[in-house]
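Numbering (the numbering used here), first residue to last: 6 to 214. The beta carbon of each residue, even a glycine, is placed where N, CA and C say it ideally should be. Right, one structure below, let's go through it.
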Amino acid sequence: MASAPRVVAELGRPETPGETAARKAASSAAYRSSKTFRNLIVALLVILAVVAIVILGVPRGALPEAEPADVAGSASAASASVGRTLLVPEVPEQWRANSARLEGSSMWRVVYAPPEGFVRVAQGLGVGPSWVSETLGGLAPTGTVTIDGIAWDEYVIPGSAQSAAISYALATDAGADTVLIYGSSDPATAAVAAEGVTDQIRGLRGESP
């Protein structure tokens with residue numbers, strides 16, 4: 006016995022064959038759409054899981070620290086090119102030498118990183134009397150100080166006049182050259198660098214150590 010046509014509440018009458026076909030088609034489309042969405046979510050979760058595994062599984066660490074500059078070796082090589090003795094400061098072992106090189110043809114410069122701040126030890130090669138002032142941005146000495154028997158011009162640089170993070174400097178002659186110690190450091194730290202070149206300055210001056 007054939008079943009009675011389905012009565013649709015919204016219509017208040019049995020469905021026509023066309024309406025039944027349309028309802029089933031819409032239901033199938035909704036099911037397929039729902040399944041496609043679920044599959045998409047699953048795929049995204051799988052991708053995220055793979056990415057997490059890759060990120061967590063790849064070993065990471067800090068880049069290896071660059072080797073300190075070889076001050077003595079660089080000075081020896083540079084000395085041959087300029088035909089004069091270059092300073093090799095004697096400083097505490099914990100001072101890291103970041104660079105040691107000729108700057109143009111008129112300056113040999115070593116940059117150290119002590120526990121705090123930084124110190125540059127520069128040797129002006131046959132430079133004129135204005136070289137120190139030009140290097141320090143036009144500043145004049147604020148006094149003099151004697152370190153290990155060597156008289157140095159002292160530059161105490163106020164915050165308003167500081168440039169390139171230079172807060173203190175010392176300068177003295179070394180024969181035909183000029184030595185400038187400057188950087189972001191206190192007087193005591195700069196004095197350590199000055200003491201580290203005392204004998205070499207005397208040698209450049211032709212004095213007995």
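Can you tell me the Cα-Cα spacing of Val56 and Thr41, whole angstroms?
By one-based count along the sequence shown, residue 56 stands at place 51. By one-based count along the sequence shown, residue 41 stands at place 36. Between Val56 and Thr41, the C-alpha separation is close to 23 Å.
Considering only C-alpha positions, which residue in the set Ile58, Leu92, Arg207 is nearest to Val126?
Along the sequence shown, read from residue 1 onward, the residue named residue 126 stands at position 121. Among Ile58, Leu92, Arg207, the Cα nearest to that of Val126 is on Leu92.
Quickly, what does DSSP pair Ala174 with across the bridge? List them, please.
Mapped onto the sequence shown, residue 174 falls at position 169. DSSP lists Tyr160, Tyr187 as partners of Ala174.
Measure the C-alpha to C-alpha separation of Ser135 and Val59 and round it to an integer number of angstroms.
Position 130 of the sequence shown, counted from the start, is the residue given in the question as residue 135. Position 54 of the sequence shown, counted from the start, is the residue given in the question as residue 59. Roughly 60 Å separates the two Cα atoms.
Pick out whichever of Ala176, Thr149, Val124 has its Cα sitting closest to the Cα of Glu139.
Along the sequence shown, one-based indexing puts residue 139 at 134. Among Ala176, Thr149, Val124, the Cα nearest to that of Glu139 is on Ala176.
Endpoints, the beta strand (DSSP E) within which Arg106 is located:
For the purposes of this step, residue 106 is identified with residue 101 of the sequence shown, where counting begins at 1. Start and end: 101 to 108.
Are Ala105 and Arg114 touching if we call contact CB-CB under 9 Å?
On the sequence shown, position 100 is the one that residue 105 refers to. On the sequence shown, position 109 is the one that residue 114 refers to. Cβ distance < 9 Å, so Ala105 and Arg114 count as in contact.
Run of the alpha helix (DSSP H) containing Ala85, from where it starts to where it stops
Your numbering for residue 85 matches position 80 in the sequence shown. Here the alpha helix (DSSP H) through Ala85 covers 76 to 87.
So what's Asp182 in DSSP terms, helix, strand or just coil?
Position 177 of the sequence shown holds residue 182. If DSSP states are grouped into helix, strand and coil, Asp182 belongs with the strands.
Proximity to Ile206 [Cα-Cα], best of Ser81, Ala156, Gly164, Tyr160:
As a first step, residue 206 is located in the sequence shown; it is residue number 201 there, counting from the start. For Ile206, the nearest C-alpha among the options comes from Ala156.
Distance check for Ser213 and Ala118, CA to CA, integer angstroms please.
Within the sequence shown, the letter at position 113 stands for residue 118. Within the sequence shown, the letter at position 208 stands for residue 213. Each residue's Cα considered, the two are about 31 Å apart.
Within this structure, are the beta carbons of Gly211 and Gly188 separated by less than 9 Å?
As a working mapping, residue 211 is identified with position 206 in the sequence shown. As a working mapping, residue 188 is identified with position 183 in the sequence shown. Not in contact: Gly211 and Gly188 (Cβ atoms no closer than 9 Å).
Could you compute how far the alpha carbon of Pro146 sits from the alpha carbon of Ser86?
As a first step, residue 146 must be located in the sequence shown, where it is residue number 141. As a first step, residue 86 must be located in the sequence shown, where it is residue number 81. Answer to the nearest angstrom: the Cα atoms are 32 Å apart.
How would you label Leu209, buried or exposed, when you count the other beta carbons within 10 angstroms and need 16 or more for buried?
For the purposes of this step, residue 209 is taken as residue 204 along the sequence shown, with counting starting at 1. Buried: at least 16 other Cβ atoms inside 10 Å.
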